[in-house]
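Residue numbers (our numbering), protein chains in the order written: chain A, 1 to 10; chain B, 1001 to 1212.
Glycine included, every Cβ here is placed at the ideal spot set by N, Cα and C.
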Amino acid sequence: IYIGPKKDEL
Amino acid sequence: MNIFRFAGDLSHVFAIIILLLKIWKTRSCAGISGKSQILFAVVYLTRYLDLFTTYVSLYNSVMKVLFLATSGATVYLMYVKFKATYDHNHDSFRIEFLLVPCALLALVINHEFTVMEVLWTFSIYLESVAILPQLFLVSRTGEAESITSHYLFALGSYRALYLLNWVYRYMVESHYDLIAIFAGVVQTVLYCDFFYLYITKVLKGKKLQLPA
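In structure tokens:
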């Protein structure tokens, strides 16, 4: 399942 | 987390603290664009909605809350507490010229057409141009106080350091996000002219004054 790009930045 | 990313975050926090302290200590927000501050508040509000849906780390959550709280505080100080000192005659940039194109672009160019993702994309695009009302204000008055220059320098350095972080992450983790990179480049380029003036004038003890 695609959960979107990882967003670990601010 | 690499050194560039961390230095970028520190620079960002530092910028916000400089601004808040300047307003608090001088009891005045003269020379600061309230419109840019409103845009930054919109940026954080639309980007950090994931505070409720995704947990990354304590560091991430704390920073998000910090950015939301401090940008809210800045807007409050400017529009409520020290409203009388706000330079609204010079702060005449029309923010709808930034908000509307960013919203349209976010609807068209995004990673996924969902509410959260479009709002995140909108916030990335908006952040890249949110400083324009402030730069416009400086150009209209022709000068900026040193403390305002330090604020702008720290704020501009933050995205420039993120660019290095993205180069590093691409090489080490093969991680990249084209939307963030594109907007980050635009954001940094907008500060270049200011960086030049800052290095050639402010660091040599002179006031930032634009050539007539």
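CB contact flag (residue i, residue j, <7 Å)
| i | j | result |
| --- | --- | --- |
| residue 1166/B | residue 1147/B | no |
| residue 1064/B | residue 1051/B | yes |
| residue 1023/B | residue 1029/B | yes |
| residue 1169/B | residue 1187/B | no |
| residue 1004/B | residue 1164/B | yes |
| residue 1007/B | residue 1197/B | no |
| residue 1131/B | residue 1036/B | yes |
Neighbourhood of residue i by C-beta distance below 7 Å, restricted to the same chain and skipping five residues each side
| i | result |
| --- | --- |
| residue 1122/B | 1046, 1102, 1103 and 1106 |
| residue 2/A | Bear in mind that a pLDDT of 44 at residue 2/A, under 50, signals an unreliable position, so the number given afterwards is only what the model happens to contain. For residue 2/A, where only same-chain residues beyond five positions count, there are no Cβ hits under 7 Å. |
| residue 1096/B | none |
Identity of the residue in the options nearest residue i by Cα
| i | options | result |
| --- | --- | --- |
| residue 1091/B | 1198/B, 1141/B and 1184/B | 1141/B |
| residue 1108/B | 1179/B, 1197/B and 1038/B | 1179/B |
| residue 1009/B | 1190/B, 1205/B and 1157/B | 1157/B |
| residue 1034/B | 1203/B, 1164/B and 1136/B | 1136/B |
| residue 1041/B | 1023/B, 1073/B and 1185/B | 1073/B |
| residue 1200/B | 1153/B, 1161/B and 1004/B | 1153/B |
| residue 1207/B | 1145/B, 1115/B and 1133/B | 1145/B |
| residue 1100/B | 1036/B, 1171/B, 1126/B and 1057/B | 1126/B |
| residue 1150/B | 1012/B, 1076/B, 1066/B and 1059/B | 1012/B |
| residue 1098/B | 1005/B, 1076/B and 1133/B | 1133/B |
| residue 9/A | 1205/B, 1175/B and 1077/B | 1175/B |
| residue 1080/B | 1138/B, 1027/B, 1056/B and 1094/B | 1027/B |
| residue 1018/B | 1085/B, 1071/B and 1204/B | 1071/B |
Between the CA atoms of residue j and residue i - distance to the nearest angstrom
| i | j | result |
| --- | --- | --- |
| residue 1089/B | residue 1031/B | 11 Å |
| residue 1117/B | residue 1111/B | 7 Å |
| residue 1061/B | residue 1054/B | 9 Å |
| residue 1209/B | residue 1202/B | 9 Å |
| residue 1044/B | residue 1119/B | 10 Å |
| residue 1129/B | residue 1155/B | 13 Å |
| residue 1075/B | residue 1016/B | 12 Å |
Same chain, Cβ closer than 6 Å to residue i, five either side skipped, listed in chain order
| i | result |
| --- | --- |
| residue 1192/B | none |
Cβ neighbours of residue i in the same chain (closer than 8 Å, five flanking residues each side left out)
| i | result |
| --- | --- |
| residue 1195/B | 1153 and 1156 |
| task | Identify each residue in the segment 1154 to 1182 of chain B for which the Cβ-Cβ distance to at least one residue of chain A is less than 7 Å, and report them in chain order. | result | Listed by position, the residues of the segment 1154 to 1182 of chain B near chain A (Cβ gap below 7 Å) are 1177.
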